[in-house]
Amino acid sequence: MKRLFCLIVIIGWLGNLASAQSNFSEQLKQYDDVCFCNVGLMHPKSLLNLDNNMEIVFACRTGKTLNDLKNLGIDFTKSQMRLLRLADLIQKTDSVYFTQIPILTEENTKQLRANSSRMAQTIIPIIQEDFTRLFALLNSKGLQRNSYSLFFAYVLDGLVWDVLEQNNQMDNRSITEEKPFWDGTFWMLAPRREFSCGTNSMANGPISINVNWSENSIIKVPSYSRLGELLDDFEANGKITQPEVIRAFVKYDLFDKYGRLKIPVITNHPTDNIYAQSLNIVNKIADYLQNDIDYSTVLSAYANLTKGQKITILYHEIMWDILDVMETNGLIKKPVIFAQPTKAQPADLKDVLFIVKE
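Next up, the structure:
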């Protein structure tokens, strides 16, 4: 009977471990992760994707000793824990490990998004006259199909950050000996938004090519290395001339038969009308973010967050809410590549690409 009892206890213990591990896996599926950072040795998401690092960091959001991790059935090694500490993903206080990155609960995410939605609805009337002029300007240049991506990736997710940094509202994101892996703000929150998008940029000195992307898209950039070559070719020759680049992108209709680009090229200078009109929008948004929000009430459950980190996390939600509200009100329309991904054609890729010159 004693042996049978021990066997039942062991089976029950193993069952609890399996249940705990399964629970972590199911919870993690609900979370989205966002990184506003500079990368040195490795992107934080790449670090978390190694072994079971994500599981460890997720478990330590409430503070765990090594014995706690063992009791949860979470495997680890000393070197693994050391790496996570060096990469600023966990910290150790006495014998307890705490997650360094904010992992928002569903309740905290709900509260954050309620605030960001309300703020977005306040901001839109402030900038409506300016974005109406911007869209009219883009239409006059035959760039109406690029309006959504330019408004998001160039204005909201581009110039706004630049102005906030110029005004010293953002935290430093420098790769140093003390922070060799990455530096910036990395966070996780749940649930995932039904739709969100972001911006990928590749720069060659004072010129960059930018891609407005979404996980919803089926048509994607076929090769970012070739895209970098396209940028280099354009910078050197004012058009696309390299046979390898032409072959890689000809079906995407990014240039005509003479190599002249069909995607927007914007110069960040007051003489460029798109830049000048965009800056009117940006300055009003930045002014609101800097002067009209009490950041002591934002994410107050996360005491270690700096004001710069709070601005970063909050504004990421605000900019997506601005898009959502404007689309609901018929003020903006997603490109086909986002709105109808199964119907999108390769040529629709040019709706979400643009070049910026400094």
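For the record, in the sequence shown the residue sitting at position 198 is 926 according to our numbering, with numbers rising by one throughout.
For each residue, glycine too, the CB sits at the ideal point set by N, CA and C.
Legend entry - Closest by C-alpha distance to V939, when choosing among N932, G933, C925: C925
Legend entry - T904 (DSSP reduced to helix, strand or coil): coil
Legend entry - Assumed close pair Q897, G1036 - CB separation to whole angstroms, cut-off 8 Å: 7 Å
Legend entry - Span separating the alpha-carbon of N1019 from that of M916: 26 Å
Legend entry - Option nearest L959 by Cα separation, candidates N836, V973, L1017: V973
Inset, instruction - Classify F804 as helix, strand or coil using the three-state DSSP reduction. - result: coil
Inset, instruction - For D885, count neighbouring Cβ atoms within 10 angstroms of its own Cβ and tell me buried if that reaches 16, exposed if not. - result: buried
Legend entry - Per-residue DSSP class, three states only, for M898: coil
Legend entry - Nearest to F826 (by Cα), restricted to the options Q1073, I784, D779, L989: I784
Inset, instruction - Note down, in chain order, each residue of its chain lying with its Cβ closer than 7 Å to the Cβ of E963, except the 5 sequence neighbours on either side. - result: N932, I935
Inset, instruction - Give a yes or no on whether the C-beta atoms belonging to L866 and S877 are separated by under 8 Å. - result: no
Inset, instruction - State buried or exposed for V978, treating a residue as buried only when at least 16 other CB atoms are found within 10 Å of its CB. - result: exposed
Inset, instruction - Quick one: which unbroken beta strand (DSSP E) runs of 3-plus residues sit fully inside the stretch 983-1024? Chain order, please. - result: 993-995
Legend entry - I855 - containing alpha helix (DSSP H), residue span: 834-868
Legend entry - 8 Å Cβ cutoff, H997 in contact with chain C: Annotation note: the requested chain C is absent from the structure, which comprises a single protein chain.
Inset, instruction - Assign K990 to one of two classes, buried (16 or more other C-beta atoms within 10 Å of its C-beta) or exposed (fewer than that). - result: exposed
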